[in-house]
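Number of protein chains: 2
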Amino acid sequence: MFQQVAILGPGLLGASLAMALKARGLSGRVVAWSRRAETRAKCRTRPWCDAVEESAQQAVAGSDLVVLCTPVATIAPLVGELAGHVEPGALVTDVGSTKSLICRQARSLLSGRGGAFIGSHPMAGSELAGMEHAREDLFAGAPCFVTPVEDDPDHEVARLIRFWEALDMTVETLSPERHDEVVAHISHLPHFIASSLCGYLASRDPRWAHFAGPGLRDSTRIASGDPGLWRQIFSQNRDELLRALDGFEDELHALKAALLNDESTGVAALLERGKQYRDRLRTE
Amino acid sequence: MFQQVAILGPGLLGASLAMALKARGLSGRVVAWSRRAETRAKCRTRPWCDAVEESAQQAVAGSDLVVLCTPVATIAPLVGELAGHVEPGALVTDVGSTKSLICRQARSLLSGRGGAFIGSHPMAGSELAGMEHAREDLFAGAPCFVTPVEDDPDHEVARLIRFWEALDMTVETLSPERHDEVVAHISHLPHFIASSLCGYLASRDPRWAHFAGPGLRDSTRIASGDPGLWRQIFSQNRDELLRALDGFEDELHALKAALLNDESTGVAALLERGKQYRDRLRTE
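Protein chains in written order, with numbering that gives the first Met the number 0: chain S, 0 to 283; chain F, 0 to 283.
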């Protein structure tokens, strides 16, 4: 599918992607680069890595697909470092959890300097970060957003969609702005809430943690995510996240008011609405 | 350990308990009763059930342990129906998720009329209710609260603790009031939040559910719980739950304020506090 794919930032997502590319024969070569010398040294020992370059500019030389897998705040600046080095006709994408800011900045930085940037967001991952937790099947069966803007050439968009589909992902095409609204609700808000719940429980008696059942464990798992990465995600998607948070608080207050006034029918009706949503989630 | 155990209300918890009793040889006989004729008929076909009685009073006759496994709002009223029928010296307990109201009412209803009531709350269960989902190992390895009050005889409390320990549970002894404070935080609050989140998402574009990753699925699983049962739990533990909710909202607002003011260090510090709590939960 591609002759050479450059993976910039081989952490959980980048290394899993490289493994999947190799397993499925989707790229002739896989070239990796990381800003950290330690990570570059680790890459050299991995079977999914054909070459490790000392600079991002060297990694993109000869690559017809470049995938940026670094933390969201560093994606656009890294695209800036690549401008002028990307091969003409190469496709540049990323795997970041936010899209509006990244797509706007990256497109403008690459514009007219070789290569086209179109954002991606594979909805795969884990609260466990790092190459050590990478696995070949991380992407298979998961949804993936592709976020073109109006003047992106259709054939480039189609090529990017085919790429993620070849990893068994279900691709949804949305504008970067609409993407950020959607993930603010289904990903960033749940994370924000789980972190707040854990933060609050941390302020109470820590021994209570001993008695927690699977409910608390499952409902807070995502709060184990890397604070440094999530701080960036929240900041880049701040406005949409704050809007989603307001909506959540309205619902929370409606349920609280029903409980406060001992309106048992009202409480049950609100719980039922939540249950119906969740039950549908299970089977989809 | 017991000659005959009466299981009143053989749903997920009651039927799992009966299965575990049989598998571990902890009771000579297991007698079941349900208010619903349909459930009684089902019990007659199950290997864990030695007899099914038409009334709760008949089920407790000859039983030296009585376990009430019905929804929390019906536990104390059912104890009222049993008063005068429980064998002298028999132990009466329950598996309800709230304890203050139940223990106060049940003790006063049984007082001086044969049998002693001491509350229990095994922290086992699932969002899937009903006998069909029962399993022999539901309790094994999970925590269990036993909630005696001051004038309960030590040997009766010790007997109840030994019973749950024989099911491989780790028993914690707390007052009913303290129990309700603890579970308001580690069980009822997470449920309240998950239901509110799902209720809010239900009010937005329902197609977004298609794109949800494992994070949203895990963090909202408990919202699939039975609204009728949870309405009762919230109502019985209303004051503690509302207090816990206030504390959670304070934490939510602190994180929101840090994000609103773009204090990235503050956001990261709050996320880090949540992560540390959650990481400890994983290994305990």
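Where a beta carbon is used, it is the ideal one built from N, C-alpha and C, also for glycine.
Asked, Found
"By Cβ distance below 6 Å, which residues in the same chain neighbour S/Ala17 in space, the five residues on each side in sequence not counted?", "Ile6, Val29 and Trp47"
"Is it buried or exposed for S/Leu259, if we count other Cβ within 10 angstroms and need 16 for buried?", "exposed"
"Could you pull out every residue in the same chain whose Cβ sits closer than 8 Å to the Cβ of S/Ala75, ignoring the five residues on either side in sequence?", "Leu100, Ile101, Gln104, Ala105 and Leu108"
"Helix, strand or coil: how does DSSP classify F/Pro9 here?", "coil"
"Is the Cβ of S/His132 closer than 8 Å to any Cβ of chain F?", "no"
"Who pairs with S/Trp229 in a beta bridge, going by DSSP?", "BP columns for S/Trp229 are empty, so no partner."
"Mind pulling the alpha helix (DSSP H) runs of 4 or more residues that sit fully within the segment 129-175 of chain S?", "153-164"
"Which chain S residues are close to F/Glu239, counting only those with a beta carbon under 9 Å from its beta carbon?", "Neighbours of F/Glu239 on chain S: none; closest Cβ ~12 Å, over 9 Å."
"In this structure, what does DSSP give as the bridge partners for F/Ser26?", "F/Phe1"
"Could you tell me which chain S residues have their CB closer than 7 Å to the CB of F/Met122, listed as they occur along the chain?", "Phe210 and Gly212"
"Measure the alpha-carbon distance for F/Glu283 versus F/Leu67 and round it to whole angstroms.", "Caution is warranted here: a pLDDT of 46 is assigned to F/Glu283, below 50, making its placement in the model unreliable, and the coordinate value is therefore given only provisionally. C-alpha separation (whole angstroms): 29 Å."
"With a threshold of 16 other CB atoms inside 10 Å of the CB of S/Pro9, please say whether the residue is buried or exposed.", "buried"
"Can you name, in chain order, every residue of its own chain whose Cβ lies under 6 Å from the Cβ of S/Phe116, other than the five neighbours on each side?", "Val91, Ala105, Arg106 and Leu109"
"Answer with yes or no whether the minimum CB distance from F/Phe191 to chain S is below 8 Å.", "yes"
"Hey, does S/Gly140 have any beta-carbon neighbour from chain F nearer than 8 Å?", "no"
"What would DSSP say about S/Ala256, mapped onto helix, strand or coil?", "helix"
"Would you kindly work out how many angstroms separate the C-alpha atoms of F/Arg350 and S/Arg277, rounded to a whole number?", "With chain F covering only 0 through 283, there is no way to say anything about residue 350 of chain F."
"How should S/Thr44 be labelled, buried or exposed, when 16 other C-beta atoms within 10 angstroms of its C-beta is the threshold for buried?", "exposed"
"Rounded to whole angstroms, how far is the Cβ of S/His84 from the Cβ of S/Val59, which I believe are closer than 8 Å?", "5 Å"
"For S/Leu127, count neighbouring C-beta atoms within 10 Å of its own C-beta (all shown protein chains included) and say buried if the count is 16 or more, exposed if not.", "exposed"
"Between S/Val266 and the rest of its own chain, which residues show a CB-CB distance below 6 Å, the 5 nearest in sequence each way excluded?", "Ala257 and Leu258"
"Kindly indicate if chain S contains any beta-carbon less than 8 Å away from that of F/Val266.", "yes"
"List, in chain order, every chain F residue whose beta-carbon is nearer than 8 Å to that of S/Ile160.", "Neighbours of S/Ile160 on chain F: none; closest Cβ ~15 Å, over 8 Å."
"Roughly how many whole angstroms lie between the Cα atoms of F/Thr219 and F/Asp167?", "28 Å"
"Which residues mark the beginning and the end of the alpha helix (DSSP H) in which S/Val94 is found?", "Looking at the DSSP string, S/Val94 is not in any alpha helix (DSSP H), and its letter there is neither H nor E."
"Taking the beta strand (DSSP E) that F/Val66 falls in, what are its first and last residues?", "Leu64 to Leu67"
"Name, in chain order, the residues that DSSP records as bridge partners for F/Trp32.", "F/Leu7"
"Beta-carbon of S/Leu280 versus every beta-carbon of chain F: anything under 8 Å?", "yes"
"I'd like the span of the alpha helix (DSSP H) that includes F/Pro46, first residue to last.", "Looking at the DSSP string, F/Pro46 is not in any alpha helix (DSSP H), and its letter there is neither H nor E."
"Could you check which residue in S/Asn236, S/Arg237, S/Ala211 and S/Lys274 has the C-alpha nearest to that of F/Pro226?", "S/Lys274"
"Using a beta-carbon distance cut-off of less than 7 Å, what residues from the segment 163-186 of chain F approach chain S?", "Glu171, Val181, His184, Ile185 and Ser186"
"Between F/Trp229, F/Asp204, F/Gln231 and F/Leu240, which has its C-alpha nearest S/Arg177's C-alpha?", "F/Asp204"
"Following the continuous beta strand (DSSP E) through S/His187, name the residue where it begins and the one where it ends.", "Note, S/His187: premise wrong, no beta strand (DSSP E); not H, not E."
"Output the distance between the C-alpha atoms of F/Gln3 and F/Glu86, rounded to the nearest integer angstrom.", "11 Å"
"Tell me the DSSP secondary structure of F/Pro121 in three-state form.", "strand"
"Listed in chain order, which residues of the segment 222-239 of chain S have Cβ atoms closer than 9 Å to some Cβ of chain F?", "Ala222, Ser223, Gly224, Asp225, Pro226, Gly227, Trp229, Arg230, Gln231, Phe233, Ser234 and Arg237"
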